[in-house]
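Scroll down for the structure; my scribbles are underneath it.
Numbering (the working numbering), first residue to last: -4 to 235.
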């Protein structure tokens, strides 16, 4: 459909997830290729969430379609470091972008057309300015002082690498239904945001600890949560 520019010698932050949205458009997450300034350049595809027609062309309703040259017409959101995974909520089309942080924070961002998530000027809740869209939820790389205070509560991790929306119905307990689950590659946990009772991202819980390093999540049609790890697939379900 498209050819991205040649990569630098960097061996990380060179790609991301691809999913069709509820609008039928293809969303493609692209890392910054370890060149942070490119995330703010609207003519460049790196550090972006791109939005394409199914033939690779740019939809005319993209936010920068008529104002930016180069890759600008295909850019839907920008200011991302390493959007390794994202998820689309069935029905509503709500989109959550998981952005892997550098020095301090892991982010869950609500996708929005034209949004600037701040990288490299801001990370997590740090150095946000009015032009930046702050994360719905961010957890740190180290414990706050005192532990549990500040953004992310007791969550700490190093690389957010999976995300999925749980169905509003199904077998999971009421506090989990309709929530957003996310995983951390380094700390090997699965967490959940309660979006029904705390839609502002103020309630998060640990759902599971894993033996393997997770890279993605999927809510199955059988009501279970599937976790893809480097070692295999873990199935999390409610006991009958």
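Glycine included, each C-beta is placed from N, C-alpha and C at the ideal position.
Could you name each continuous beta strand (DSSP E) segment of 3 residues or more that falls completely within the region 141 to 220, going from the start of the chain to the end?
DSSP runs (the beta strand (DSSP E)) wholly in the region 141 to 220: 155 to 160, 175 to 179, 184 to 188, 199 to 204 and 209 to 214.
Going by other Cβ atoms of all chains shown within 10 Å of its Cβ, with 16 needed for buried, is residue 69 buried or exposed?
One-based indexing of the chain shown puts residue 69 at position 74. When all chains shown are included, residue 69 counts as buried.
Where does residue 230 sit, in a helix, a strand or coil, going by DSSP?
Here residue 230 refers to the residue found at position 235 when the chain shown is read from its first residue. It is a strand residue.
Ignore the nearest five residues each way along the sequence and tell me which others in residue 192's own chain have a CB closer than 8 Å to its CB.
As a first step, residue 192 must be located in the chain shown, where it is residue number 197. Excluding sequence neighbours, residue 192 sits near 170 and 198.
Are the region 78 to 92 and the region 55 to 69 touching, with three or more C-beta to C-beta distances below 8 Å?
Fewer than three pairs of CB atoms, one per stretch, sit closer than 8 Å, so the region 78 to 92 makes no contact with the region 55 to 69.
Look at the alpha carbon of residue 127 and the alpha carbon of residue 228, and state the distance between them as a whole number of angstroms.
Counting from one through the chain shown, the residue named residue 127 turns up at place 132. Counting from one through the chain shown, the residue named residue 228 turns up at place 233. Straight-line Cα distance between these residues: approximately 36 Å.
Contact under 9 Å by Cβ, residue 160 with residue 134
If you number the chain shown from 1, residue 160 lands on position 165. If you number the chain shown from 1, residue 134 lands on position 139. No. Outside cutoff.
In this structure, how does DSSP classify residue 67 when only helix, strand and coil are distinguished?
One-based indexing of the chain shown puts residue 67 at position 72. When secondary structure is reduced to three states using DSSP, residue 67 falls in the helix class.
Following the continuous beta strand (DSSP E) through residue 114, name the residue where it begins and the one where it ends.
Numbered from 1 along the chain shown, position 119 holds the residue referred to as residue 114. Here residue 114 belongs to no beta strand (DSSP E), and DSSP marks it neither H nor E.
Mind reading off the beta-carbon distance from residue 43 to residue 29? Whole number of angstroms is fine, and I expect it under 8 Å.
One-based indexing of the chain shown puts residue 43 at position 48. One-based indexing of the chain shown puts residue 29 at position 34. Contact doesn't hold; Cβ gap of about 15 Å is too wide.
Would you be able to state if there are at least three C-beta pairs under 8 Å between the region 96 to 103 and the region 117 to 127?
Cβ pair count under 8 Å is three or more, so yes.
Based on the DSSP output, what are the partners of residue 90 in its beta bridges?
Within the chain shown, numbered from 1, the residue matching residue 90 stands at position 95. Paired residue(s): 83.
N- and C-terminal bounds of the beta strand (DSSP E) containing residue 77:
If you number the chain shown from 1, residue 77 lands on position 82. Looking at the DSSP string, residue 77 is not in any beta strand (DSSP E), and its letter there is neither H nor E.
Between the CA atoms of residue 190 and residue 214 - distance to the nearest angstrom
In the chain shown, counting from the first residue as 1, residue 214 sits at position 219. In the chain shown, counting from the first residue as 1, residue 190 sits at position 195. Each residue's Cα considered, the two are about 16 Å apart.
Alpha carbons only, please: which of 144, 155, 74 and 137 is nearest the one belonging to residue 123?
Sequence index remark: in the chain shown, residue 123 carries index 128 (1-based). Looking only at 144, 155, 74 and 137, the smallest Cα-Cα distance to residue 123 is reached by 74.
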